[in-house]
Amino acid sequence: VAAVYQLTPLKRRCLAVCRTPFARIVHGWRDGFHGAFRMGVESGLWCAGCCIPAMLVLLVVGMMSLWWMALIGAFVFVEKRAFRWAI
64 VAAVYQLTPL KRRCLAVCRT PFARIVHGWR DGFHGAFRMG VESGLWCAGC CIPAMLVLLV
124 VGMMSLWWMA LIGAFVFVEK RAFRWAI
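The sequence shown begins at 64 in the numbering used here and counts up by one.
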């Protein structure tokens with residue numbers, strides 16, 4: 064399921080929003096403590112949306128093998144940092 068999710072438009076949208084936190088601040092600014100809290104929650108949900116399936120796989124695989132967990136963790140890191148042009 065996590066592998067299929069990697070190919071969905073929702074995943075690409077979540078990655079696009081998560082990779083541009085400054086744009087979210089500029090265009091989605093909310094005043095006050097509650098506004099800041101809401102902005103933080105929204106930003107966190109976007110970022111969780113792009114990596115929650117991979118993190119669940121990491122949790123399960125990490126219980127079985129540290130090497131597999133390191134390999135999948137490296138994949139997640141490369142995906143979030145190196146493939147910005149793919150969006």
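Backbone N, C-alpha and C fix where the C-beta goes; we use that ideal spot for every residue, glycine too.
Kindly indicate the opening and closing residues of the alpha helix (DSSP H) around residue i.
{"i": "R76", "result": "P72 to C81"}
{"i": "V104", "result": "G95 to M127"}
{"i": "V64", "result": "Looking at the DSSP string, V64 is not in any alpha helix (DSSP H), and its letter there is neither H nor E."}
Would you decide whether residue i is buried or exposed? Buried here means 16 or more other CB atoms lie within 10 Å of its CB.
{"i": "A99", "result": "exposed"}
{"i": "L78", "result": "buried"}
{"i": "W109", "result": "buried"}
Just to confirm before moving on: does the CB-CB distance between residue i and residue j stay below 7 angstroms?
{"i": "V120", "j": "A65", "result": "yes"}
{"i": "A111", "j": "V139", "result": "no"}
{"i": "R82", "j": "S106", "result": "no"}
{"i": "W131", "j": "V123", "result": "no"}
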